[in-house]
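In what follows, a single structure is set out as C-alpha cells and then discussed.
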Amino acid sequence: MSNENQDGVHTICPYCGVGCGLKLTEGESDGEVNIKPWFDAPVNEGALCIKGGASTEVVDHEDRLKEPLLKEDGEFREATWEEAMDRIATELERIRDEHGPDAMGFFTSSKCTNEENYLMQKFARRYGTNNVDNCTRLCHASTVAALRASLGAGAMTNSMQDLREEADVYWIQGANPAEQHVIAHSNYFKQAAMEDTYVVQIDPHANKTTRHTDTHLQLKPGTDIPLLNVVLKTILDEDLVDEEYLESRTEGVESLRETLSDFDVEAAAETCGVDVEEIREMARIYAEADNAAIFTGMGMSQHRCGTDNVQNLINLALATGNVGRPGTGVNPLRGQNNVQGTCDVGAMPNVLPGYVPVDDDEARAEVEDVWGFEVDPEPGLTNVEITQSIGDAVHGLYVMGENPVISEPNSNHVREQLEKLEFMVVQDIFMTDTAEYADVVLPATSWAERGGTVTNTDRRVQRMRKATEVPGNTRGDLEIVSDLGTRLFGEGFDFDGPEDVFEELRETAPIYRGLTYDRIGLEGVHWPCYEEGDEGDPFLYEDSFDTDNGLGKIRGVRHQPPAEVEDSEYPFVLTTGRLEEHYNTGTMSTRSPTLVRKTPTNFVDINPEDAERLGIEDGEEIQLRSRRGEIEIEARVTDDIRPGILWSTDHFPEAPINELTNDALDPVAKIPEYKAAAAQISVDVEPATGDD
Ligand code: SF4
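For our numbering, count along the sequence shown from 1 and bump the result up by 5.
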C-alpha cells in the first residue's frame, strides 16, 4: 500500500462531484479495502453519505473483469493483453486507412481521473480526430455552454464555503442537492437554510431538498423559461435591477427588455402551472437580498432549450448584480466525481485542455507545440452525434468507462446503431450492456487502485491515491492508453505515472498551470491557478468576466416547449431524475448490497388522482410507453408529482427509462431532452371504476 499516512491512504470518493475525502486501508483478503474517516478532509471533514460509505463494496466485487476479452463468432473468449492490444491497434489503423480518422469516436469518462481523460483525448487528437466527448454532454453541456459564453468559465462561480457563509437567498432550480450532493447539502447548504438563508426551490418533483425549502414552486417540466421571465419582468417593472452593476459590468440588458416588452405574465404563469403572485414574491425576495446565489442542475440543462434555460438564470444573476461576490453567482452542481475535470482537460470535441478552442489557430498552436503534432482545427462530433452517425460517418468506437446503451436517450436506437459498428473497444471494470456489443473488452482499474487528480464541483483539484493493487490480469486506464498510444504513434504516450502526465497537462491548460502534486497536497486547490504560488480562486469574476470585453452577457430568451408534448395518445409528460443511493447507469451502485437495499429496482412516480383514474395501486407493475419504447415498471403513487406528470430514474438496466426518453438535442450544446417525453400507461388489470 502506498501509504502517505500509516493509518490509511487519503483519497476521494468515486461517486458524486462534491469531492469528499476518505481514507482507505487494505482488508484481510486480496483487493479488499476498508474505509476510515478522514476528519480533516477539506470538503467534508470526515462525513460521507450512503454512497461514499459503501464505495468500497465494488472494488473487490466478484463481477470485476479480470482478463481481456476478444469476440470471435459472436462469443467472447479470454485473451492475452498482447492479443487484445494487437487487435485494437490493427483495427484502429484499418479504420483510419479505409475511412479516415473521423470514422472513429472516443468516449472518455467522468469516473476517470484528469490524467486518464487527458491522455485519452490526446490519443484521439493524435489519431487525427476531435470526435472525443464525455458524459457532460448528457448532463451539463448546456450549462457549460451558457456559462462560457456569458461569464467565461463553464463551472461554479462560487465555492461551497462562501455559499454557506455569505448567501442570504438560495435559488435552487432543477437541482436536488439533498439527494445528489448529499454532503454539500448537509455540511453547507442545509446549515445555511437552518440559520437564516431563504431557500426557493423550483422543480416539478418534490424531493428531499423540498424539506429544507421555504418555498417550492412546482412548475410543469419544460417551463423554466416562462417562469424566469415572470421573475425578470417583475424585477424590471418594479425597478429591482442593480443599475450601477448593469452599467459597469454587463451588456445586453436591452435584449432582455425587448424580449419582455410585451410579455404576458399571467399567461406565462398559467403555462408553468404556478400562481403568478407566488412567482412575483420570489422575484422580490431574490432581488432584494444582499447576496443571492443560484444553484442549477440537470432539471435545467437536460432540455432542448437547456442553454437558454441556464442563460435565463445568468440574466437573473446579472440583472440584480449577483455575480462576483461571495455568496452569489450561478452554480451548477456537477454529478460525477470528475465531470468538471474531464471537461477541464479537453475531453470535448470543440476544446483542448483548459478550454482552448480547437478552431482558435493561435491558442491551438501553443498546445500543438507541447504535443509535437498538429490538431484538426474543425470541432468534432459530440457523443450523441457520434452514436447517431454510426454506419454513416462513424465506423469505430472506443469507450472508456461509459455505458451509452443505458445512459443515452432513445436507447433502443443506440443498440441498433452499435450493431452497425465495424469495431468497438470497451474499457471498464464490469461487463456492461454496452460492452456486450464490443469486439474487445479491456479490464480496467477501479477507483481504489488508481492515483491521479480529480476536480470537484467547486473547481477544487484534489488527489486520489492508490490504496491497493489492480486485481487479476487487469491494467490501469492510464497504462492501457499509454501502451496503445506508444504502439500506434511511437512518441508522446510514454509516461512515468500520473504525475508525469499531470506535468504535461499543466503545460497545455492555463487554468491548471500553477498546480503541482505537491501544491495540491491534502487540501486541494481551486482553479484557475495560473502560476505556481497562486492561491486559486474560490469565487470568480470579482472585477471582470472572462469574456471578450470583460462584460457579463445578458440575452433575453423566449419559451420553447419540449420537442414532444402530451396529446390524446400519450397523455402524460415523463420526466426523470436521480436517487440518493444510486449512481448513473447503476454499473457500480446496483452491485453494492448497501445501495440496493432501499431501492432495488426502478419505479415511476404517479399522482394519486391519475392512479385512481387508471386503477393503479401503489407498488403495482405497469407498462410505461413512449413513441420510442416500452418498459415494465413499478408504480409509486405519491403527491411528490402533480397530475399529468410521471417521474422516474435512469439507474436500472433492467427497467431502462432511456428506452423511452427523447433524443431531441439542444442546438447549441447538443444535450438531449431527458426531462420531457410524452408517455402513456397501461395496466394488466382492469382499471377500477368509481362504481366498484
Ligand atoms: Fe461521495 Fe458525493 Fe456522498 Fe460525498 S456526497 S460521500 S462525494 S457521493
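Here a beta-carbon is modelled for each residue, glycine too, at the ideal position from N, C-alpha and C.
Checking the DSSP bridge columns, you'll see Val-404 partnered with Phe-112, Val-431. Taking 8 Å as the cut-off, the Cβ atoms of Leu-70 and Val-446 count as close. Inter-residue distance for Gly-179 and His-221 is about 11 Å (C-alpha atoms, whole angstroms).
Taking C-beta separations shorter than 7 Å and ignoring five residues to either side along the sequence, the partners of Val-475 in its chain run Thr-450, Glu-454, Gly-481, following chain order. Here Val-609 is not near Ser-549, since their CB atoms are 8 Å or more apart. Burial of Met-305 is indicated by the presence of at least 16 other C-beta atoms within 10 angstroms of its C-beta. The residue from Asn-417, Phe-128, Glu-103, Leu-261 with its alpha-carbon nearest to that of Tyr-403 is Phe-128.
Per DSSP, the beta-bridge partners of His-531 are Arg-465.
Only exposed fits Phe-378, as fewer than 16 other CB atoms lie within 10 angstroms of its CB. Here the distance from the Cβ of Ile-188 to the nearest heavy atom of the ligand SF4 is below 7 Å. The C-beta of Asn-554 has fewer than 16 other C-beta atoms within 10 Å across all chains shown, which makes the residue exposed. Asn-163 has its alpha-carbon roughly 45 Å from the corresponding atom of Ser-573. The beta carbons of Gly-329 and Tyr-535 sit about 18 Å from each other, so the pair does not count as a contact at 8 Å.
Assignment of beta-bridge partners to Glu-637 by DSSP yields Gln-628.
In this structure, Phe-657 sits away from Asn-612, with a CB-CB distance that is not shorter than 8 Å. Within the model, the alpha-carbon separation for Lys-675 versus Arg-153 is close to 15 Å. The closest CA to that of Lys-680, considering only Leu-619, Thr-643, Thr-580, is found on Thr-580. Judged by the Cβ position, Gly-51 fails to qualify as a neighbour of the ligand SF4 at the 7 Å threshold, every heavy atom of the ligand being at least this far.
Contact between the segment 38-51 and the segment 519-539 is present: 3 or more CB-CB pairs across the two stretches fall below 8 Å. Scanning the segment 352-428 for uninterrupted alpha helix (DSSP H) segments of 4 residues or longer gives 366-376, 388-394, 409-412, 416-424, listed from N- to C-terminal end. DSSP places Asn-336 in the uninterrupted beta strand (DSSP E) bounded by 335-337. Glu-31 and Gly-58 have their C-alpha atoms some 16 Å from each other. Relative to the Cα of Ala-640, the nearest Cα in the group Ile-627, Arg-632, Ile-646 belongs to Ile-627. Short note on Gly-24: C-beta closer than 7 Å to some heavy atom of the ligand SF4.
Under DSSP, Ser-687 forms a beta bridge with Gln-628.
For Glu-622 and Lys-76, the gap between their C-alpha atoms comes out near 45 Å. Counting every other CB atom within 10 Å of its CB across the protein chains shown gives Pro-605 a total below 16, marking it as exposed.
Taking one beta carbon from each stretch, the segment 105-117 and the segment 494-507 have fewer than 3 pairs nearer than 8 Å; the two do not touch. In terms of side-chain proximity, the C-beta atom of Cys-21 is found nearer than 7 Å to a non-hydrogen atom of the ligand SF4. Of the residues assessed, Ala-370 falls on the exposed side of the cut-off, its CB having fewer than 16 other CB atoms within 10 angstroms.
Counting every other CB atom within 10 Å of its CB across the protein chains shown gives Ala-272 a total below 16, marking it as exposed. DSSP, reduced to helix, strand and coil, places Val-23 outside both helices and strands of the structure shown, so it counts as coil. Each residue's CA atom was taken as its position, placing Asn-212 and Gly-302 some 14 Å apart. Relative to the Cα of Pro-331, the nearest Cα in the group Ile-230, Val-174, Pro-209, Arg-647 belongs to Val-174. Look at the beta carbons and you see the segment 268-287 not touching the segment 305-325: under three pairs across the two are nearer than 8 Å.
In the three-state reduction of the DSSP assignment, Tyr-575 falls in the coil class.
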